[in-house]
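Q: Before anything else, here's the structure in question.
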Amino acid sequence: MSTQAGRPEPAQNPEPFTACFSVVSASDPNALSRVLEPFTKRGLTPSHVYAMRTGERGETLHVDLQLADADAETSWRLANDLRGLYLVQTVLTSEKRAAERI
499 MSTQAGRPEP
509 AQNPEPFTAC
519 FSVVSASDPN
529 ALSRVLEPFT
539 KRGLTPSHVY
549 AMRTGERGET
559 LHVDLQLADA
569 DAETSWRLAN
579 DLRGLYLVQT
589 VLTSEKRAAE
599 RI
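Take any residue in the sequence shown, count from 1 to its spot, add 498: that is its number in my numbering.
See below:
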């Protein structure tokens, strides 16, 4: 099944993981607070936030966020909310999991 935006629904995986989000937006005084808002609305505090202005004149803002002990549904919803934000141009997601013991 897919969403209206053509993105697939999250896979059901019961193992918690660290959800990673890489967000690119226009550099604006409101951009960082807008990027953090979807987390705040859910009562979540990212375990890692790193923001940096880039470009010749600092016109782009790159924000990397991590959310520890996330589940697929929460990660998927956060990514979709981030993609819908004003000023946001790109949202990339990934998952960090503990290595399996052999």
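Idealized CB from N, CA, C, for every residue including glycine.
Which term fits Ser592, buried or exposed, when burial requires 16 or more other beta carbons within 10 angstroms of its beta carbon?
A: exposed
Q: Since Tyr548 sits in a beta bridge, which residues does DSSP pair it with?
A: Asp562.
Q: Roughly how many whole angstroms lie between the Cα atoms of Arg581 and Val533?
A: 10 angstroms
Q: For Ser592, write down the residues that DSSP places opposite it in a beta bridge.
A: Cys518
Q: Just tell me which of Lys594, Ala596, Ala577 has its CA closest to the CA of Pro536.
A: Residue Ala577 is the option with its Cα nearest to Pro536.
Q: Drop a sphere of 10 angstroms on the beta-carbon of Ser545, count the other beta-carbons inside from all chains shown, and report buried for 16 or more, exposed for fewer.
A: exposed
Q: Rounding to the nearest angstrom, what Cα-Cα distance links Gly553 and Ile600 in this structure?
A: 44 angstroms
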